Amino acid sequence: MGFRLRPHRPAERRPCPDRDGARSGLRCDYGDGIPVATVELAGHGSTLTSEDGSFRFVGVEAGSYTFRTTAFGYIPESSLLVVRDDVTLSVPLEPAPLVLDSVGVNIERIDVGGRVRDPEKEFFLVDATILTDQAVMARTDSHGRFRLRGVLERAPLTVRVRAFGYLPVDSIVLPTEDDRYLFELVEDSAVTALIARQIERLEERAAPRFAPLFRNMNRDRLLRFTGSHTLRSILEFEYWPHLHRIRAVIVDGRRYSMTDDPVAELSHILPEELERIEFFSAGRSAVVLVVYTRQFMRDLIARQIQ
Numbered sequence: 299m300g301f302r303l304r305p306h307r308p309a310e311r312r313p314c315p316d317r318d319g320a321r322s323g324l325r326c327d328y329g330d331g332i333p334v335a336t337v338e339l340a341g342h343g344s345t346l347t348s349e350d351g352s353f354r355f356v357g358v359e360a361g362s363y364t365f366r367t368t369a370f371g372y373i374p375e376s377s378l379l380v381v382r383d384d385v386t387l388s389v390p391l392e393p394a395p396l397v398l399d400s401v402g403v404n405i406e407r408i409d410v411g412g413r414v415r416d417p418e419k420e421f422f423l424v425d426a427t428i429l430t431d432q433a434v435m436a437r438t439d440s441h442g443r444f445r446l447r448g449v450l451e452r453a454p455l456t457v458r459v460r461a462f463g464y465l466p467v468d469s470i471v472l473p474t475e476d477d478r479y480l481f482e483l484v485e486d487s488a489v490t491a492l493i494a495r496q497i498e499r500l501e502e503r504a505a506p507r508f509a510p511l512f513r514n515m516n517r518d519r520l521l522r523f524t525g526s527h528t529l530r531s532i533l534e535f536e537y538w539p540h541l542h543r544i545r546a547v548i549v550d551g552r553r554y555s556m557t558d559d560p561v562a563e564l565s566h567i568l569p570e571e572l573e574r575i576e577f578f579s580a581g582r583s584a585v586v587l588v589v590y591t592r593q594f595m596r597d598l599i600a601r602q603i604q
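Here it is as structure tokens:
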């Protein structure tokens, strides 16, 4: 049994448009989702809302539960929820007044940034998520950089860094203008083992079709090219005498169109985003390039867990 909740900011009541575009006398409530809100469900722990303010608890049995919602800048909400079936709720949170002492304080909002790194393999992480308790979040770019915009200056800021395949890192910082932070993450051995098992299954199914003279590349080998390479430049560097034999490219199950340059569309894929590449025989001297990304592995493992 599932449970979803979307806290939102109360908004002005406005008429609902009819399907034909005209306006009726009905009234609707509109509001934006609140990201990085903390929701606790009795007996099921807590979780954070995503960018659109939504999240999900699974495996909730029928019954009565206490749930509590907290978000920076809003009054906490606590209620009793009766679950009989899958349920979706929308919980309005009221803005909390900012209480200051008698000393005048100028509250400034500033931007801070930094990078997320794997110190063991010595590369910066792409698409890591940075969450805060001030409803500000960011993701790392292709160079592992992130920027948090509009956080309170010199106010304690809880930062949570998450990346697939790595143990989470939580830290409290005191931001000042243009601060730069470096967060270093350690690989999660449990996730690494799950990925290894998925790779074994893929190899078992594909072994009879592997192309001779082509060496498949695992993640460790691909990460040697971080910093200035894309998947296309890796292929050109490692396999340039044989690139003319590639007749098709399949990325995470999607087959790219046949062209004179079948690897042309791979210039945007970074080695940090990859898990494995393989080469399959396609008859005579032709081969098919098969690419598995980290996101594909993440989705594959998530489906199996569910």
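For the sequence shown, our numbering assigns the number 604 to the last residue and increments by one with no breaks.
Every residue gets a Cβ at the ideal spot worked out from N, C-alpha and C, and that includes glycine.
Quick caveat: nothing in here was measured; it's all calculated off a predicted structure.
C-beta contact flag for A433 and F370 at 8 Å: Counted from its first residue, the sequence shown places residue 433 at position 135. Counted from its first residue, the sequence shown places residue 370 at position 72. Cβ distance < 8 Å, so A433 and F370 count as in contact.
Let me confirm a value: P333 is counted as buried when at least 16 other C-beta atoms fall within 10 Å, else exposed. Which label applies? Here residue 333 corresponds to residue number 35 of the sequence shown, with the count starting at 1. Buried is the call here.
Simplified DSSP state of E485, which is helix, strand or coil: For this step, residue 485 is matched to residue 187 along the sequence shown. E485: strand per DSSP, three-state reduction.
DSSP state of A426, grouped into three classes? For the purposes of this step, residue 426 is identified with residue 128 of the sequence shown, where counting begins at 1. It is coil, neither helix nor strand.
4 or more residues per run - each alpha helix (DSSP H) lying fully within the stretch 557-584: none
Residue nearest to V471 in terms of C-alpha spacing, selected from V459, S487 and P454: In the sequence shown, counting from the first residue as 1, residue 471 sits at position 173. Among V459, S487 and P454, the Cα nearest to that of V471 is on P454.
With DSSP as the reference, label E392 as helix, strand or coil. In the sequence shown, the residue the question calls residue 392 occupies position 94. Reduced to three states, the DSSP call for E392 is coil.
Quick one: give me the first and last residue of the beta strand (DSSP E) that E375 is part of. Against the sequence shown, residue 375 aligns to sequence position 77. It spans E375 to V381 - the beta strand (DSSP E) in which E375 sits, taken as one unbroken run.
When burial is assigned at 16 or more other CB atoms within 10 Å of the CB, is G361 buried or exposed? Here residue 361 refers to the residue found at position 63 of the sequence shown. Exposed: under 16 other Cβ atoms inside 10 Å.
Local Cβ density within 10 Å of F444, reported as buried at 16 or more and exposed below that: For the purposes of this step, residue 444 is taken as residue 146 along the sequence shown, with counting starting at 1. Flag for F444 reads buried.
Quick one: Cα of S579 to Cα of R413, how far? Counted from its first residue, the sequence shown places residue 579 at position 281. Counted from its first residue, the sequence shown places residue 413 at position 115. Looking at the two C-alpha atoms, the distance is approximately 41 Å.
Cut-off 7 Å between Cβ atoms - residues of its own chain near S377, not counting five sequence neighbours on either side: For the purposes of this step, residue 377 is taken as residue 79 along the sequence shown, with counting starting at 1. F365, listed in sequence order.
Whole angstroms are fine: how far does the CA of L568 sit from the CA of H527? The residue labelled residue 527 in the question sits at position 229 within the sequence shown. The residue labelled residue 568 in the question sits at position 270 within the sequence shown. Between H527 and L568, the C-alpha separation is close to 7 Å.
Under 8 Å, with one C-beta from each stretch per pair, do the stretch 570-584 and the stretch 495-511 reach the 3-pair mark? yes
Chain-order list of residues whose beta-carbon lies under 6 Å from that of I532 (same chain, five-residue window excluded): By one-based count along the sequence shown, residue 532 stands at place 234. Answer for I532: F523, listed in chain order.
Are the Cβ atoms of V585 and I548 separated by less than 8 Å? By one-based count along the sequence shown, residue 585 stands at place 287. By one-based count along the sequence shown, residue 548 stands at place 250. Not in contact: V585 and I548 (Cβ atoms no closer than 8 Å).
What does DSSP give as the partner residues of L446 in its beta bridges? The count along the sequence shown starts at 1 and reaches residue 446 at position 148. BP columns for L446 point to V410.
Taking K419 as the reference, which of L483, G551 and P390 has the closest Cα? Counting from one through the sequence shown, the residue named residue 419 turns up at place 121. Nearest of L483, G551 and P390 to K419, Cα basis: L483.
Using only the alpha-carbon positions, how far apart do R325 and S388 sit? In the sequence shown, the residue the question calls residue 325 occupies position 27. In the sequence shown, the residue the question calls residue 388 occupies position 90. Its pLDDT being 30, under 50, R325 is placed unreliably in this model, and the value from its coordinates should be taken loosely. So the two alpha carbons sit approximately 16 Å from each other.
Classify A461: buried if its beta carbon has 16 or more other beta carbons within 10 angstroms, exposed otherwise. Looking up residue 461 in the sequence shown gives position 163. A461 should be labelled buried.
Between D409, E485, I405 and F594, which has its C-alpha nearest L500's C-alpha? As a working note, residue 500 is residue 202 in the sequence shown. Nearest C-alpha to L500: F594.
Measure the Cβ-Cβ separation of L607 and R495 and say whether it is below 8 Å. Absent from the model: residue 607. The displayed extent of the chain is 299 to 604, so no value can be given.
List the endpoints of the continuous beta strand (DSSP E) containing Y363. Locating residue 363 in the sequence shown gives position 65, counting from the first residue. From DSSP, the beta strand (DSSP E) with Y363 extends over G361 to T368.
Strictly by DSSP, which residues pair up with I516? If you number the sequence shown from 1, residue 516 lands on position 218. Per the sequence presented here, residue 516 reads as Asn, with Ile not at that position. Answer is R574, bridged to N516.
Hey, how far is the Cα of R407 from the Cα of R478? Counted from its first residue, the sequence shown places residue 407 at position 109. Counted from its first residue, the sequence shown places residue 478 at position 180. Near 16 Å, if we compare the C-alpha coordinates of R478 and R407.
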